[in-house]
Structure formats: C-alpha cells, structure tokens
Amino acid sequence: GRRDWVIDRMQEEGFVSREEAKKAKDAALRTKKRGGIESVRADYFCEDVRRDLYAQYGEDELYKGGLAIFTTLDPDLQRYAEKAFNDGIVAYDRRHGWRGKTFGRLESLDNWQQKLAHMQVPLGMNDWQLAVVTQIGANGIRVGARGGDVGYVTAADLAWTGKGKNAAGLRVGDIIAVAEQSPDAKPAKGKDKAYTLQQFPAVNGGMVVLDAHSGRVLAMVGGFSFEEKKSGQFNRATQAMRQTGSAIKPFVYLTALLNGMTPATLVLDAPITIEQGPGLPLWQPENYTEDYAGPATMRYGLEQSRNLMTIRLAQAVGMEKVTGLIESFGVADKLPPQFAIALGAWETTLMKLTAAYATVADGGRKITPHMIDRIQDRRGKLIFKADARTCDICRNVQWMNQKPPKLIEVREQIIDPVADYQLTYMMQGVVERGTAARVKALGVPIAGKTGTTNDFKDAWFMAFSSDLVVGVYVGFDQPKSLGNKETGAAVSAPIFMDFMKQALVKYPAKPFPVPEGVRFMPVDMHTGEPATEGDNGVILEAFRSDTNWEGNMGRIIDGGSGSSNSDDDRGFSFPFQLDGVY
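Residues in the sequence shown are numbered consecutively from 13, following the working numbering.
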C-alpha cells in the first residue's frame, strides 16, 4: 500500500536503514474511527449562504455541481447565541404579561395522549411541546405533555401571567405550550416532570457574532424561529432595516477624536435649539434623563449616552464629516448631513452595524463580514477563498532557521489606530461605569454601547471582546414601543451577557492591545483636568503621545448655532423628534 511505498522511498533516500524499513512495514496498521459529524440547525445562517451561492453560481451549479462549501459557522457559538437570544426575548415577553392564547381545547380528557398525538404541532415551537391542562389547584396546574409524560407548572412559574391562583385563566382541557425544566427542578416525586408555561413572543429581533479580526460570521440568529408561519424566514439580522438610536454615537465621538479632540475635551451638556430648515419647527432635543450636566468630558458624554453633548460634537466637527465617516464604515450610503443622524435617526441592518463595530475592534482595519471560508468544485479544486492574505515565503522547501513567515494583511486601514484605541477605551467605560454597567459583571475587558430609539421602539446592544464582536437588537417587526424603560441596557444587554458567559470559555477575553502613539495620563474624569495626589474620580486617560493635550485645557465645546438642513443637494429634511434616544 501507500505506507510501504513511502517507507521504501525513505530507505532509498537514506533516511532509514533496511532494518528500520522492514520493522516499520511489519508493524500493524492502526486505524482510527472518524468521529460523528457535529450538526447544528442554524437555519437563518444556512439560508443566507444558500441565497449567496444561488446568486453567484446559479441553480444548476448549486444543486448539481458537486460543490463543497466550507462555512465560517461555529456550532458552539451558534447554539449559545440561539439560546441566549430566545431566552432573552421570552423574558421580555413575560414582563409584559400573558396574552391568553391557547391552541384549542379537549372537551374530554379521555385518551388525551392519543388526541394530542394526532394534533398538528404549530410551526416555530422550537424545543417546546403541546400539553393539555388536566388539573388546576392552588399550587399550580397539572399537565399532560404530547409525548405522554405528566407533570406540573407551579404557581410560582405562573406568577408572570399576572393571574395569580387563576392559573392564567386556564381551564381543564386547554391545550398550551410548555417547556420541560431540568431534572433538578422537579416539583414532585416519582415520574412527574417540571414544566414552564410558554407563549410565542410578540417581539422579535436578531443577533450576530463576528470574528473580530477577519469578519467571519461565527453565529447568526435572524429571529425567534425560522419555522414561524408569518415571517419566519425573514432574516432580521441581515434584512431588517432599523434605526440605531445611540448605538451610532461612537462614530460621532470617533469623528471628534480624529479632528483634534481628546476623551478629556469638555463639551457643554445643556439645552440646544436646532434649525431644521424652511417651514419646519425648531428642534430642541433632550437627554433621555431630561437633566443637564453642564461642561463634561467627552468620555462622560459617551459613557452616559448624552444626546445634547453628542449634538454639540457633531456641530463642532461638522455633520458632513460625521456622515462621511459613518459611510466609510459601511453602515449606510449617502447619508444626509442632518443632526438627527448623530442620534441614530437613520436605518441600517444589524449585520452592517456589527461589521462597523468589528472594524473598531480590529484597530481600524476595514472588516467585511462573510459566511463562506472557501469553496471547492467536484474535483477538489479551490474556486473561492475568502482570506485574501498572501505569504511569499510560505512554500519555501528548505528550513534554514529563518523567522516564521507572516501573512501579509491586505485590508484597508480606514481609521487612525490611536483614535480607534481611544474610542475603544472610552467604550470600555460604557461597561465599567455607564449605561451598560450591568455587563461589568462578566469580569473581562468588554467595550460596548447601548442603543434605544425614540419611544423605546428598538433596543440595541453592540459590544466586543478581544476576539468576538456581538450585535443584538430587539424590536417589533411593525415598530412600536417596547414599553417604558425597555432600553438596550434592559432588553439586549442581558442577551449579550448570557451568550458571553458561555462563549468566553472557548474564546477567553484578553486586554485590548495598545498601539504605538498612545500615552496614559491621570486626569479628573469629571473635569478633564490633570489629576493631583489625593483627587477622587481619577482615571488614566488615553492621549496621543505627540500632542500637548494640556494645551486645550479650559476650552469647552458648545457647538455654536447649527442648522439641521445644510446646503445638501439631495433634498433631505427631517422633522425628527428624538427626545428619548438613549
């Protein structure tokens, strides 16, 4: 066989003796059974891959061409993402009560197992199952599940319905959806199982996980269930156009950093009036908290998501620069230079915004998300490879103790690494002290930003560790309020946390690398002034090493007067009201 041929050639070339060759050929061949193929549903991911392949290769080549497709999906992260996302929107849905929807009713419990077995299971049930209510008591309800098992839904679990001992208004014979709890949650002895009452969430959303250094899509959730009857195959991660709210603010602050400002620059947090153009009323945006901090540092403005400070920064640098930078990140095309854009009054997709955050996470090198690593034809020939990096000396035959070869980076450096790191460091403060402070409990370096649109219609959380970039948004498909105080921090950040608790085991977070040209100086985080011994509220702030940052001390960015309808020839003019953006 091939083994013996290789050994003979090694003997001929003098690498082994005749005796060594004979001993090697006489040795028994050992085979290792290949492990089972790991499978994961990832319906939204797979459907997007199919669409891309169909568009590129056509139907015949896709289905009959024998192509071998190697995707970027990480099955573990996909499972973590699906569970975290679905648990998160179910938790939100429960906060807003039981809507009373059942799946029918059995007039008699005789032969209930057979009756349930013959019922058509609703689409989108995921891991839930149908069950019939067989008994109602003070301690909860007794149910019989479609598989024949019996168990309880406890009164404590029914508390979220707001119906108390009325058991969500259920009657014996009602058919409901339940989920089985873990075995250690059993409410009774014997074969009884513990269940939780479920309802299809009215809200939806999406989640994307990217490799921070390549843009490989490691996981993607496009909604609660791909099998949902009404809009299951609509991928909210790549197709839904949503306003970003404050999740766009980091790019306003990055524009300021690129135009001579520092994280310690003072910006006025006070009422402001903006002209919107002929025939439109004056715009007077407000902070979410409806209060004012006076002169405060740029760091404070981003950490606490201050609308008025963000508008003044946009005035100071010019909205054309802000929209130009946002466009360079691929978030949107041909944005009008309207000040409302600085607060997220423009639509984009979750995938595009996550890719923009990935560019920040990778030090300012442009990230383009992709779901396919490589493609081979039926003969094994490589016909596509996503990684465009090259290595000129990787194929050298002889090793002469030279330095290990390096792959040559070909991606465009679209942002200065120093400003990029300053922004990342400020976004760490969002997690340490700001609107996403709950995420600090993860105990690892995380940079992030919350986002909530006007009237709580969209809840975002965008964040990254050293290796993973995660974007989450939650909202109704037909936009309407999620409810008072249902912000990105309250709705989407917990989804991120549940996901990262598991993902960090496989992708441990490391400190963010500090590029050349950054120096840290102690400053008062409230005033931006140099700190002295004994001061409270001191932070080591990141400055450019080649600038005299103290030279701008005392300057306060007040924005001056501004118009939201500049000499833009595209005819955009928006009467926005964004008082609730957070």
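Even for Gly, the Cβ is constructed at its ideal location relative to N, Cα and C.
Considering only the alpha carbon of each residue, which of the options lies closest to residue i?
i      : options                           : result
Val503 : Leu480, Met474, Asp479 and Pro525 : Met474
Arg318 : Ala150, Thr301 and His130         : Thr301
Met533 : Pro542, Val526 and Pro527         : Pro542
Ala231 : Tyr56, Gln425 and Arg15           : Tyr56
Asp281 : Thr464, Thr256, Val430 and Met310 : Met310
Glu239 : Asn138, Tyr75 and Leu394          : Asn138
Gly100 : Phe511, Phe524, Asp558 and Gly529 : Phe511
Asn466 : Leu435, Val102, Arg445 and Thr499 : Thr499
Thr277 : Ser120, Ser194 and Gly540         : Gly540
Val61  : Val442, Thr84 and Val145          : Thr84
Arg390 : Ala80, Leu74, Arg154 and Phe27    : Ala80
Ala431 : Ala448, Val535 and Thr559         : Thr559
Ala249 : Tyr207, Gly217, Pro134 and Ser237 : Gly217
Ala15  : Ile405, Ala40, Leu347 and Val229  : Checking the sequence, you will find Arg at residue 15 rather than Ala. Closest by alpha carbon: Ala40.
Asn98  : Gly109, Arg63 and Trp140          : Trp140
Leu516 : Ser477, Gln288 and Gly181         : Ser477
Pro349 : Thr146, Gly272, Val334 and Gln440 : Val334
Report the three-state DSSP secondary structure of residue i (helix, strand or coil).
i      : result
Ser585 : Note that Ser585 scores 38 on pLDDT, short of 50, meaning its location in the model is unreliable; the coordinates nonetheless yield the value given after this. DSSP places Ser585 in coil when its eight states are reduced to three.
Glu302 : coil
Tyr519 : coil
Glu192 : strand
Gly563 : Confidence is the limiting factor: at Gly563 the pLDDT is only 48, short of 50, which leaves the residue's position unreliable, though a coordinate-based value still follows. DSSP places Gly563 in helix when its eight states are reduced to three.
Phe396 : strand
Leu602 : Residue 602 lies beyond the range of the chain shown here (13 to 594); nothing can be said about it.
Ala231 : strand
Glu359 : strand
Arg386 : strand
Thr366 : helix
Gly487 : strand
Pro416 : coil
Pro525 : coil
Trp17  : helix
Thr539 : coil
Ile568 : strand
Gln440 : helix
Thr114 : coil
Pro425 : Reading the sequence as shown, one finds Gln at residue 425 and not Pro. Note: Gln425 maps to strand in three-state DSSP.
Ser29  : coil
Assuming residue i is part of the beta strand (DSSP E), what are its boundary residues?
i      : result
Asp536 : Val530 to Asp536
Gly70  : First-last for Gly70: Asp55 to Lys76, but that is the alpha helix (DSSP H), not the beta strand (DSSP E).
Val220 : Asn216 to Asp223
Leu182 : Looking at the DSSP string, Leu182 is not in any beta strand (DSSP E), and its letter there is neither H nor E.
Ala554 : Val550 to Arg556
Along the chain, where does the alpha helix (DSSP H) containing residue i start, and where does it finish?
i      : result
Ile101 : Pro87 to Arg107
Phe82  : Per DSSP, Phe82 belongs to no alpha helix (DSSP H); it is in the beta strand (DSSP E), Ala80 to Thr83.
Ile379 : First-last for Ile379: undefined, no H or E at that position.
Thr208 : Note, Thr208: premise wrong, no alpha helix (DSSP H); beta strand (DSSP E) at Lys205 to Gln210.
Val329 : Asn319 to Val329
Gln350 : No alpha helix (DSSP H) contains Gln350, which DSSP labels as neither H nor E.
Ala344 : It is not in any alpha helix (DSSP H) - Ala344 carries neither H nor E in the DSSP assignment.
Thr544 : Where Thr544 is concerned, there is no enclosing alpha helix (DSSP H), given that its DSSP letter is neither H nor E.
Gly500 : Gly500 to Val503
Can you find a C-beta in chain C that's less than 8 Å from the C-beta of residue i?
i      : result
Val530 : Absent from the structure: chain C. Only one protein chain is present.
Segment contact, 8 Å Cβ cut-off, at least three pairs: the region 482–496 with the region 382–395: Because the criterion of three Cβ pairs below 8 Å is not met, the region 482–496 and the region 382–395 do not touch.
Length at least 4, wholly inside the region 118–173: the alpha helix (DSSP H) runs in chain order: Taken in chain order, the complete alpha helix (DSSP H) segments of 4 residues or longer contained in the region 118–173 are 124–129 and 167–170.
Whole beta strand (DSSP E) elements within the region 446–485, 3-residue minimum: DSSP runs (the beta strand (DSSP E)) wholly in the region 446–485: 459–464 and 471–476.
Stretch pair the region 221–231 + the region 79–91: three plus CB contacts closer than 8 Å: Yes: at least three Cβ pairs fall under 8 Å.
The region 251–268 in contact with the region 124–141 per 3-pair CB rule at 8 Å: Taking one beta carbon from each stretch, the region 251–268 and the region 124–141 have fewer than 3 pairs nearer than 8 Å; the two do not touch.
Segment contact, 8 Å Cβ cut-off, at least three pairs: the region 473–489 with the region 503–518: The region 473–489 vs the region 503–518: in contact.
Minimum length 3: unbroken beta strand (DSSP E) runs contained in the region 243–314: The region 243–314 contains these whole beta strand (DSSP E) runs: 278–281 and 306–309.
Cβ contact (3+ pairs, closer than 8 Å) linking the region 206–217 and the region 21–33: The region 206–217 makes no contact with the region 21–33; the number of CB pairs closer than 8 Å stays below 3.
Contact the region 181–193 vs the region 150–169: 3+ CB pairs below 8 Å: Inter-segment contact for the region 181–193 and the region 150–169 is present: three or more beta-carbon pairs are separated by less than 8 Å.
The region 508–522 in contact with the region 453–460 per 3-pair CB rule at 8 Å: At 8 Å Cβ cutoff, the stretches touch.
Given 8 Å, three or more beta-carbon pairs between the region 350–359 and the region 323–331: The region 350–359 is in contact with the region 323–331.
The region 332–347 / the region 367–375 touching (three or more Cβ pairs under 8 Å): Yes, since at least three Cβ pairs between the region 332–347 and the region 367–375 fall closer than 8 Å, the two stretches touch.
At least three beta-carbon pairs within less than 8 Å, the region 279–294 to the region 514–529: Segments in contact, no.
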